[in-house]
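Residue numbers (my numbering): 42 to 209.
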Amino acid sequence: MSIYEIITVTISAIALALSLYAAISAYYEKHLKAKIYALWFFYFDRRVNVNFIFSNMSSRPKTITKIWIKYDDKVAESTWYKARMSSTKINGKDICTFSDMVPVNIPSRSSCQAIISFTYLNNFPIPMPEKLTFIFEIDGTKVEKTFNTTKQLTVDEQIIAVEHDLWS
Numbered sequence: 042m043s044i045y046e047i048i049t050v051t052i053s054a055i056a057l058a059l060s061l062y063a064a065i066s067a068y069y070e071k072h073l074k075a076k077i078y079a080l081w082f083f084y085f086d087r088r089v090n091v092n093f094i095f096s097n098m099s100s101r102p103k104t105i106t107k108i109w110i111k112y113d114d115k116v117a118e119s120t121w122y123k124a125r126m127s128s129t130k131i132n133g134k135d136i137c138t139f140s141d142m143v144p145v146n147i148p149s150r151s152s153c154q155a156i157i158s159f160t161y162l163n164n165f166p167i168p169m170p171e172k173l174t175f176i177f178e179i180d181g182t183k184v185e186k187t188f189n190t191t192k193q194l195t196v197d198e199q200i201i202a203v204e205h206d207l208w209s
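Okay, structure coming up:
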């Protein structure tokens, strides 16, 4: 084998290794799962509001089409409409804040925040359990996740939180 053939084979082997690495990286990046975090919880009058952060580092956008809450062997789906959370009068005008609703679209390589409301919960335990389980339907796949409910807001804190979301 001449020196030129050795150089050609070496360059071809390096190119093959780099292309394999690129293909594996692209496959891995495309199939990253969305991460879900719960910032705070608020329970009042048979309604639970949860502030979720959805993070999607995949190269494909993700869609969360349904969210369920599990409690005491019961399952309840989130509202399909915007639920009124607070209202304030400013300069004589009634300014209302509403929850977000599903579906939640998460663009690729980004995150979003949504306050999801679960209304008309019958026999929801009082006080709120230390852990709550949620089921998310993300791109047709169901994902079950349990969160600690340590950050439970009071009425005043919830009003401040949703109004801050309105003005930011």
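For each residue, glycine too, the CB sits at the ideal point set by N, CA and C.
With 16 other CB atoms within 10 Å as the buried threshold, where does residue 108 fall? Using a 10 angstroms sphere on the CB of residue 108, the tally of other CB atoms reaches 16 or more, which defines it as buried.
For residue 179, count neighbouring Cβ atoms within 10 angstroms of its own Cβ and tell me buried if that reaches 16, exposed if not. Under this definition residue 179 is a buried residue.
Contact belief for residue 82 with residue 157 at Cβ below 8 Å, rounded distance in angstroms: About 11 Å separates the two Cβ atoms, so there is no contact after all.
Please confirm if the segment 88-105 is in contact with the segment 142-153, defined as three or more CB-CB distances below 8 Å between the two stretches. Flag = yes, the segment 88-105 and the segment 142-153 touch.
Residue 177 bridges to which residues according to DSSP? Partner(s): 108 and 184.
Tell whether a beta-carbon distance below 8 Å holds between residue 77 and residue 177. Going by C-beta atoms, residue 77 is nearer than 8 Å to residue 177.
My understanding is that residue 159 touches residue 88, with C-beta atoms under 8 Å, so please give their C-beta distance in whole angstroms. With a beta-carbon spacing of about 7 Å, residue 159 and residue 88 fall inside the 8 Å limit used to define contacts.
Does DSSP classify residue 46 as helix, strand or coil? If DSSP states are grouped into helix, strand and coil, residue 46 belongs with the helices.
Would you mind giving the Cβ-Cβ distance between residue 164 and residue 114, rounded to the nearest angstrom? I have them listed as a contact below 8 Å. With 8 Å as the limit, residue 164 and residue 114 do not qualify as a contact, their Cβ atoms being about 10 Å apart.
Around the C-beta of residue 22, are 16 or more other C-beta atoms found within 10 angstroms, so that it is buried, or is it exposed? Only positions 42 to 209 of the chain appear in this structure, which leaves residue 22 out of reach.
Any idea if residue 199 is buried or exposed, counting beta-carbon neighbours within 10 angstroms, 16 or more meaning buried? By the 16-neighbour rule on beta-carbons within 10 angstroms, residue 199 is buried.
In or out: residue 116 buried (at least 16 other Cβ within 10 Å) or exposed? The Cβ neighbour count for residue 116, taken over all protein chains shown within 10 Å, is under 16; the residue is labelled exposed.
Buried versus exposed, by CB contacts within 10 Å (16 or more), residue 84: By the neighbour-count rule (16 or more Cβ atoms within 10 Å), residue 84 is buried.
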